[in-house]
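A.B. asks: First the structure, then my questions, so here it is.
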Amino acid sequence: MNFADLRLAEPILRSLKHEGYENPTPIQAQAIPDILAGRDLLGCAQTGTGKTAAFALPILHRLTEKPKAVAVSAPHAAQGHHGPGHPVQHVPVQPPVHQPHRSSRAVRCLVLAPTRELALQIDESFRTYGRHLGLKHAVVFGGVNQHGQVSALSKGVDILVATPGRLLDLMNQGYVNLTAVEVFVLDEADRMLDMGFIHDIRQIVAKLPRHRQNLMFSATMPPDIRALADTILNRPAQIQVTPAATTLDAVDQSVYFVDRRNKPALLAHLIKHSAISRALVFTRTKHGADRVVRQLYKSGIRAEAIHGNKTQNARQRALTNFKNGKTPILIASDIAARGIDVDDISHVFNYDVTHEPETYVHRIGRTARAGAKGHAISFCDAEERQNLKAIERLIRKTIRVADDQPVYAAHTPESKAAHDDDRERQPQSHQRGGGGEHRDGQHRSGGGHRSGNDRQQPNSHRNGSHRSSSRSQPHSRSQSHSQPQPQSQSRSRDGNRAATPALDTARDRQEGSGVRKSGGHPSSHRAKHPLDRRAQGGGGQHGHRKQHAKHR
Numbered sequence: 042m043n044f045a046d047l048r049l050a051e052p053i054l055r056s057l058k059h060e061g062y063e064n065p066t067p068i069q070a071q072a073i074p075d076i077l078a079g080r081d082l083l084g085c086a087q088t089g090t091g092k093t094a095a096f097a098l099p100i101l102h103r104l105t106e107k108p109k110a111v112a113v114s115a116p117h118a119a120q121g122h123h124g125p126g127h128p129v130q131h132v133p134v135q136p137p138v139h140q141p142h143r144s145s146r147a148v149r150c151l152v153l154a155p156t157r158e159l160a161l162q163i164d165e166s167f168r169t170y171g172r173h174l175g176l177k178h179a180v181v182f183g184g185v186n187q188h189g190q191v192s193a194l195s196k197g198v199d200i201l202v203a204t205p206g207r208l209l210d211l212m213n214q215g216y217v218n219l220t221a222v223e224v225f226v227l228d229e230a231d232r233m234l235d236m237g238f239i240h241d242i243r244q245i246v247a248k249l250p251r252h253r254q255n256l257m258f259s260a261t262m263p264p265d266i267r268a269l270a271d272t273i274l275n276r277p278a279q280i281q282v283t284p285a286a287t288t289l290d291a292v293d294q295s296v297y298f299v300d301r302r303n304k305p306a307l308l309a310h311l312i313k314h315s316a317i318s319r320a321l322v323f324t325r326t327k328h329g330a331d332r333v334v335r336q337l338y339k340s341g342i343r344a345e346a347i348h349g350n351k352t353q354n355a356r357q358r359a360l361t362n363f364k365n366g367k368t369p370i371l372i373a374s375d376i377a378a379r380g381i382d383v384d385d386i387s388h389v390f391n392y393d394v395t396h397e398p399e400t401y402v403h404r405i406g407r408t409a410r411a412g413a414k415g416h417a418i419s420f421c422d423a424e425e426r427q428n429l430k431a432i433e434r435l436i437r438k439t440i441r442v443a444d445d446q447p448v449y450a451a452h453t454p455e456s457k458a459a460h461d462d463d464r465e466r467q468p469q470s471h472q473r474g475g476g477g478e479h480r481d482g483q484h485r486s487g488g489g490h491r492s493g494n495d496r497q498q499p500n501s502h503r504n505g506s507h508r509s510s511s512r513s514q515p516h517s518r519s520q521s522h523s524q525p526q527p528q529s530q531s532r533s534r535d536g537n538r539a540a541t542p543a544l545d546t547a548r549d550r551q552e553g554s555g556v557r558k559s560g561g562h563p564s565s566h567r568a569k570h571p572l573d574r575r576a577q578g579g580g581g582q583h584g585h586r587k588q589h590a591k592h593r
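Add 41 to the 1-based position in the sequence shown for my numbering, that's all there is to it.
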């Protein structure tokens with residue numbers, strides 16, 4: 042099958058030919074016909090599958106039509122919601138007829154994205170594929186002055202790509218009118234929920250017209266995503282391409298068991314002694330990303346960081362340097378990395394093992410694209426072993442322990458044996474995840490923070506289950522080293538569970554940094570645990586030296 046077989050408008054086919062695209066990817070081949078037919082759609086696809094073009098191409102085609110009737114879903118219930126019982130009305134796709142120029146254009150297509158990087162990427166796709174159509178598009182996101190965005194909106198746009206917080210701000214100021222929206226797209230829905238945007242999404246949906254087409258995409262499909270889909274979509278076509286467990290087969294995954302204090306030296310060693318073209322390094326916190334950049338610089342390795350505390354210009358500059366090879370190593374938070382679309386990343390390093398298994402899938406999906414080989418290397422300290430086991434349960438695979446153990450990854454054989462024994466004892470029915478904060482604001486105690494009975498701790502998760510904490514049994518590795526590493530995981534988690542200073546509490550800062558809008562106040566937890574200041578850059582090397590001296 043080629044794009045011409047999908048009956049896309051000739052100007053769109055011309056743009057695709059100019060970009061060198063002839064054949065659609067699997068998700069494009071499945072999604073485009075349903076979208077052209079006017080159906081609602083629920084798509085499950087990972088990054089790098091061609092998902093953006095899967096909705097951008099048919100939307101551009103439909104917006105260039107002038108049909109006798111609009112093909113949309115049945116009327117929604119009050120406030121834009123509707124149940125699954127309403128019938129769907131479809132009309133045949135009409136040949137594209139270009140509409141005359143209008144001096145004032147209402148927004149006809151709204152695309153919501155969780156981060157500014159992803160929003161910019163989607164807007165660029167509409168620009169690329171619609172260059173011959175004469176449609177106007179704009180992108181709005183927080184973290185920057187709104188003047189330029191307001192100016193673009195005042196001229197009228199057909200396609201608006203937005204992050205939820207900035208869009209609500211502009212709507213409340215009267216700069217955006219959504220009453221003429223024909224197509225609504227919710228992209229990266231799972232990340233939207235992780236960032237606490239559910240209430241913003243519901244407010245925006247309530248302002249949309251009742252007759253519209255809805256498209257929703259997510260890399261994972263947990264129950265809460267399906268529940269959200271039930272409130273927005275009407276009898277959607279459902280497609281799933283390369284599920285999480287199979288996407289990873291092309292990636293060589295390995296893990297080093299390493300003390301936290303040795304992670305910087307191990308990373309520098311592997312970068313210097315591996316055939317790396319481009320490497321993406323994921324850290325848990327923004328300050329941690331900056332700290333890794335400084336540590337690599339001391340080892341003579343050029344690297345840059347991209348995260349929510351960086352200005353938009355700094356982030357764009359770092360991303361450009363990474364794409365053109367000027368900076369081969371990019372240190373990133375999970376949220377900031379959502380807009381990274383680079384095909385030839387040879388290595389992904391999990392400097393910190395994430396407490397969310399789905400995030401691990403997002404991370405390592407950045408490598409091994411387009412048939413290339415890729416490597417995903419994780420650094421796991423004692424506090425992260427539960428996270429590693431949760432990841433292995435999700436991907437249904439035991440991650441290989443790296444054979445080449447340099448001195449930096451110093452672990453006693455007993456330590457590795459203890460981890461292997463943990464793997465055998467851990468029931469498959471136990472809950473995934475680690476410490477941190479749940480979406481409803483409740484603190485999850487599966488991390489370093491312990492209270493009450495250490496042998497059994499409640500964990501708030503989607504399935505509401507509990508698990509026994511293996512940290513109640515001290516591992517032999519901690520007895521063989523001169524410096525124990527009591528790391529609390531109730532600290533700020535960049536891009537997923539982060540809580541930043543007052544400057545970052547504004548909604549537009551949230552969209553750039555991944556700050557949660559809903560939930561409790563993790564900062565109050567941090568006040569009770571002085572060690573957590575190290576996650577914000579307050580402890581650092583000085584904190585290590587004090588602990589070391591005290592131990593001696």
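Even glycine gets a Cβ: it sits at the ideal position worked out from N, Cα and C.
Provide the residue span of the beta strand (DSSP E) that contains LEU83, from first to last.
C.D. replies: To locate residue 83, count along the sequence shown from 1; it is residue 42. Where LEU83 is concerned, the enclosing beta strand (DSSP E) stretches over 82 to 85.
A.B. asks: When the Cα atoms are used, what is the spatial distance from HIS388 to GLN214?
C.D. replies: As a working note, residue 388 is residue 347 in the sequence shown. As a working note, residue 214 is residue 173 in the sequence shown. Approximately 45 angstroms, taken between the alpha carbons.
A.B. asks: In whole angstroms, what is the alpha-carbon distance linking TYR338 and ASP293?
C.D. replies: Locating residue 338 in the sequence shown gives position 297, counting from the first residue. Locating residue 293 in the sequence shown gives position 252, counting from the first residue. TYR338 and ASP293: Cα-Cα distance of roughly 27 angstroms.
A.B. asks: Would you call the region 363 to 378 in contact with the region 336 to 352, where contact means no fewer than 3 C-beta pairs closer than 8 angstroms?
C.D. replies: Flag = yes, the region 363 to 378 and the region 336 to 352 touch.
A.B. asks: Quick one: is LYS414 buried, meaning 16 or more other Cβ sit within 10 Å of its Cβ, or exposed?
C.D. replies: What you label residue 414 is simply residue 373 of the sequence shown in a count that begins at 1. Label assigned to LYS414: exposed.
A.B. asks: Please tell me whether ASN606 and PHE323 are closer than 8 angstroms, where the distance is taken between their beta carbons.
C.D. replies: Missing from the structure shown is residue 606; the chain here goes from 42 to 593 and no further.
A.B. asks: Mapping DSSP to helix, strand and coil, what is ASP293?
C.D. replies: To locate residue 293, count along the sequence shown from 1; it is residue 252. Strand.
A.B. asks: Would you identify the three-state DSSP class for ILE280, choosing helix, strand or coil?
C.D. replies: Position 239 of the sequence shown holds residue 280. Strand, per DSSP.
A.B. asks: May I have a chain-ordered list of the alpha helix (DSSP H) segments no shorter than 4 residues that lie completely inside the region 193 to 236?
C.D. replies: Fully enclosed alpha helix (DSSP H) runs of 4 or longer: 205 to 213 and 230 to 235.
A.B. asks: Out of ALA221, LEU153, ALA70 and ARG356, which one is the CA nearest neighbour of ASN678?
C.D. replies: No answer is possible for residue 678: the residues shown for the chain start at 42 and end at 593.
A.B. asks: Compare the C-beta of ILE386 against all C-beta atoms of chain C and say whether one is closer than 8 angstroms.
C.D. replies: Absent here is chain C; the protein component of the structure consists of one chain.
A.B. asks: On the three-pair Cβ rule with 8 angstroms, is the region 175 to 186 touching the region 259 to 279?
C.D. replies: Result no; under three Cβ-Cβ pairs closer than 8 angstroms.
A.B. asks: Under 8 angstroms by Cβ, that's how I've got ASN428 and VAL383 pegged, so tell me the actual separation to the nearest angstrom.
C.D. replies: Looking up residue 428 in the sequence shown gives position 387. Looking up residue 383 in the sequence shown gives position 342. Their Cβ separation, rounded to whole angstroms, is 26 angstroms, which puts ASN428 and VAL383 out of contact at 8 angstroms.
A.B. asks: If you drop the 5 nearest sequence neighbours on each side, which residues of the same chain put their C-beta closer than 6 angstroms to that of ASN255?
C.D. replies: Within the sequence shown, numbered from 1, the residue matching residue 255 stands at position 214. Only ASP81, PHE225, ILE273 and LEU274 meet the Cβ criterion.
A.B. asks: With a Cβ-Cβ cutoff of 8 angstroms, do PHE238 and PRO205 count as a contact?
C.D. replies: In the sequence shown, residue 238 corresponds to position 197, counting from 1. In the sequence shown, residue 205 corresponds to position 164, counting from 1. Yes, the pair counts as a contact, with Cβ atoms nearer than the cut-off.
A.B. asks: Can you tell me whether DSSP reads LEU159 as helix, strand or coil?
C.D. replies: The residue labelled residue 159 in the question sits at position 118 within the sequence shown. Three-state DSSP puts LEU159 in a helix.
A.B. asks: Where do the ends of the alpha helix (DSSP H) carrying VAL402 lie?
C.D. replies: Counting from 1 along the sequence shown, the entry for residue 402 is found at position 361. Unbroken alpha helix (DSSP H) run through VAL402: 398 to 405.
A.B. asks: Select from THR93, TYR216 and GLY341 the residue whose C-alpha is nearest the C-alpha of PRO369.
C.D. replies: Taking the sequence shown and counting its residues from 1, one reaches residue 369 at position 328. Selected option, being the one with the closest Cα: GLY341.
A.B. asks: In the DSSP assignment, what are the bridge partners of GLN254?
C.D. replies: Position 213 of the sequence shown, counting from 1, holds the residue named residue 254. VAL224, per the DSSP bridge assignment.
A.B. asks: May I ask which residues mark the beginning and end of the beta strand (DSSP E) holding ALA72?
C.D. replies: On the sequence shown, residue 72 is found 31 positions in, with the first residue counted as 1. That residue, ALA72, is in no beta strand (DSSP E); its alpha helix (DSSP H) goes 67 to 77.
A.B. asks: Give the DSSP-derived three-state secondary structure of LEU435 in the structure shown.
C.D. replies: As a position in the sequence shown, residue 435 is number 394, starting the count at 1. Helix, per DSSP.
A.B. asks: Nearest by alpha-carbon distance to THR105: which of LEU194, LEU153 and ASP199 is it?
C.D. replies: Along the sequence shown, one-based indexing puts residue 105 at 64. When each option's Cα is compared against that of THR105, the closest is ASP199.
A.B. asks: Could you name the residues that DSSP lists as bridge partners for PHE298?
C.D. replies: Counted from its first residue, the sequence shown places residue 298 at position 257. In the DSSP output, where bridge partners are listed per residue, PHE298 has CYS421.
A.B. asks: Less than 8 angstroms between the CB atoms is what I'm expecting for VAL333 and ASP228, so what's the real figure, rounded?
C.D. replies: Counting from one through the sequence shown, the residue named residue 333 turns up at place 292. Counting from one through the sequence shown, the residue named residue 228 turns up at place 187. Not really, about 29 angstroms apart at Cβ, beyond 8 angstroms.
A.B. asks: Taking all protein chains shown into account, do 16 or more other C-beta atoms lie within 10 angstroms of the C-beta of PRO264, making it buried, or fewer, making it exposed?
C.D. replies: To locate residue 264, count along the sequence shown from 1; it is residue 223. With fewer than 16 Cβ atoms within 10 Å of its Cβ, PRO264 is classed as exposed.
A.B. asks: Give a yes or no on whether the C-beta atoms belonging to ILE73 and ALA95 are separated by under 8 angstroms.
C.D. replies: Stepping through the sequence shown from its first residue, residue 73 is reached at position 32. Stepping through the sequence shown from its first residue, residue 95 is reached at position 54. Yes, the Cβ-Cβ distance between ILE73 and ALA95 is below 8 angstroms.
A.B. asks: Given ILE418, which residues of its chain have a CB within under 6 angstroms of its CB, disregarding the five upstream and five downstream residues?
C.D. replies: The sequence position of residue 418 within the sequence shown is 377, counting from 1. Once the five neighbours on either side are set aside, the close Cβ partners of ILE418 are SER295 and PHE390.
A.B. asks: On the DSSP bridge assignment, give the partners of SER259 in chain order.
C.D. replies: By one-based count along the sequence shown, residue 259 stands at place 218. According to DSSP, SER259 bridges with CYS85.
A.B. asks: Assign HIS416 to one of two classes, buried (16 or more other C-beta atoms within 10 Å of its C-beta) or exposed (fewer than that).
C.D. replies: As a working mapping, residue 416 is identified with position 375 in the sequence shown. Classification for HIS416: buried.
A.B. asks: With C-beta atoms as the reference, is ASP300 less than 8 angstroms away from ASP422?
C.D. replies: In the sequence shown, the residue the question calls residue 300 occupies position 259. In the sequence shown, the residue the question calls residue 422 occupies position 381. The answer is yes: Cβ separation under 8 angstroms.
A.B. asks: Could you tell me whether the Cβ atoms of ARG157 and GLN353 are closer together than 8 angstroms?
C.D. replies: As a working mapping, residue 157 is identified with position 116 in the sequence shown. As a working mapping, residue 353 is identified with position 312 in the sequence shown. Going by C-beta atoms, ARG157 is nearer than 8 angstroms to GLN353.
A.B. asks: Identify, in the order they occur along the chain, each residue of the same chain with its Cβ nearer than 6 angstroms to the Cβ of PHE420, setting aside the five sequence neighbours on each side.
C.D. replies: Here residue 420 refers to the residue found at position 379 when the sequence shown is read from its first residue. So the qualifying residues of the chain are TYR297, VAL299, LYS304 and TYR392.
A.B. asks: Quick check: what's the CA-CA separation for PRO447 versus LEU307?
C.D. replies: Here the question's residue 447 lines up with position 406 in the sequence shown. Here the question's residue 307 lines up with position 266 in the sequence shown. Approximately 8 angstroms, taken between the alpha carbons.
A.B. asks: To the nearest angstrom, how far is it from the Cα of THR93 to the Cα of LEU211?
C.D. replies: Taking the first residue of the sequence shown as 1, we reach residue 93 at position 52. Taking the first residue of the sequence shown as 1, we reach residue 211 at position 170. So the two alpha carbons sit approximately 25 angstroms from each other.
A.B. asks: Roughly how many angstroms lie between the CA atoms of LEU98 and TYR170, to the nearest whole one?
C.D. replies: By 1-based counting over the sequence shown, the position of residue 98 is 57. By 1-based counting over the sequence shown, the position of residue 170 is 129. About 7 angstroms.
A.B. asks: So who's on the other strand from GLU165, going by DSSP bridges?
C.D. replies: As a first step, residue 165 is located in the sequence shown; it is residue number 124 there, counting from the start. Answer is none; GLU165 lacks a bridge partner.
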